[in-house]
Amino acid sequence: MMTVSNAAEPSKTHTTTTVVAKAAGSGLDDPQKKDIAMQLVSSAENSSLDWKAQYKYIEDIGDERGYTAGIIGFCSGTGDMLDLVELYTDRKPGNVLAKYLPALRKVNGSDSHSGLDPNFTRDWEKAASDSAFKKAQDDERDRVYFNPAVSQAKKDGLRALGQFAYYDAIVMHGDDGDRDSFGSIRKNALKKAKPPSQGGDEKTYLNAFLDARKVAMKHEEAHADTSRVDTEQRVFLNKGNFDLNTPLKWKVYGDSYEIDS
521 MMTVSNAAEP
531 SKTHTTTTVV
541 AKAAGSGLDD
551 PQKKDIAMQL
561 VSSAENSSLD
571 WKAQYKYIED
581 IGDERGYTAG
591 IIGFCSGTGD
601 MLDLVELYTD
611 RKPGNVLAKY
621 LPALRKVNGS
631 DSHSGLDPNF
641 TRDWEKAASD
651 SAFKKAQDDE
661 RDRVYFNPAV
671 SQAKKDGLRA
681 LGQFAYYDAI
691 VMHGDDGDRD
701 SFGSIRKNAL
711 KKAKPPSQGG
721 DEKTYLNAFL
731 DARKVAMKHE
741 EAHADTSRVD
751 TEQRVFLNKG
761 NFDLNTPLKW
771 KVYGDSYEID
781 S
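Given below as C-alpha cells:
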C-alpha cells in the first residue's frame, strides 16, 4: 500500500504522479490483492482462507456438475476440469490423471461419475502433490476466470472490489452466454446503471451488478444462499472499500472471517 508523507506540501506534479501510481497499484492482479481474492473465494467455496490447501480438494457437492475440485472448483460436468487435465497431460504425459481423459470427455455436460469412480478422487489428491499439477491449476484459473474478469472490470473502470465482484461471479456462473452467466449478469447490470468508464458512479453500478448477481444465484438451488454477496461484497462496498484494503471482515454462510494484512 502506498503512503504519502505529510512532511511537506507535495507539488502538483508529484500529486498527479502519486494518484496514478495508486490507481495502477489497486488492481486485483497485484500479487497481494490477488492473494486476498483467492482467500475470499476460498472462504465461500471451502470454508477456509487457506486457498493453497485446496489443490487436493475434490467432492460432488450435489449441484449437478459432477465432481468439483481444486482451487477454483473445476467441475467434471462443465468442461473446465477436462481442460485442466488435458493441459496437465500435455505438460506431463503419463501423469496419474491422464488415464481418466476418455471418461472426462464422456461425462462432460452431465453429473455422471461413469469411468471416474472409484479411484478418481484418490488419484486427484495424489496429483495435487505434484508442482506441475498445481501450476496447471493456477494457469487455468487465470486463463478461464481471473484474467477475463479483471480485464473486463478494468475496461469498465472498476477498481479492485469491482474486479473481485466480476471474478467471483465468473467463478460461480461461468461465461457461456446462458441466462445466468457472467456476461448476462453484467448486461442486466448495465440496464440499470452505467459503469465508471461510461461516466457512471462506481458504487451505484456495483450495487446494480450485485443485484443482478443475486437474481442469477437464486435461479439455482445450490447457489440460493447469497451471503457471499450480502455479507461479504456488499459489506466492502457499503464501506467504500473499492481498493479491497485490509483489514477486511466478512461473513459467508454464517461463518466469520478476517484478513488483517
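Oh and the sequence shown: position 168 is 688 in my numbering, straight run, nothing missing.
Ideal Cβ placement from N, Cα and C applies to all residues, glycine included.
Just so you know, these numbers come straight off a predicted model, no measurement behind them.
Nearest CA to the CA of PRO767: which residue from ASP643, LYS654, ASP580, GLU778? GLU778
Sorry if obvious, but does the Cβ on GLY614 come closer than 7 Å to a heavy atom of the ligand FMN? Annotation note on the ligand FMN: not contained in the displayed structure, which lists no ligands.
Between which two residues does the beta strand (DSSP E) carrying ILE592 extend? That residue, ILE592, is in no beta strand (DSSP E); it is neither H nor E in DSSP.
LYS734 versus TYR608: straight-line alpha-carbon distance, rounded: 34 Å
Looking only at C-alpha atoms, which of ASP775, ASP631, PHE684 sits nearest to ASN761? PHE684
Own chain residues within Cβ distance below 7 Å of LEU624, not counting five before or after: SER596, MET601, LEU602, VAL605
Residue range of the unbroken alpha helix (DSSP H) whose run includes VAL627: 621-627
What does a CB cutoff of less than 8 Å around LEU569 pick up in its chain, not counting 5 residues either side in sequence? GLN559, SER562, SER563, TYR777, ILE779
Go ahead and pull the three-state DSSP assignment for LYS576. coil
Roughly how many angstroms separate the alpha carbons of LYS626 and GLY694, rounded to a whole number? 20 Å
Determine the closest residue to ASP580 out of PRO638, ASP555, LYS711, with distance taken between C-alpha atoms. PRO638
On the DSSP bridge list, what partners appear for ASP658? None, per the DSSP bridge assignment.
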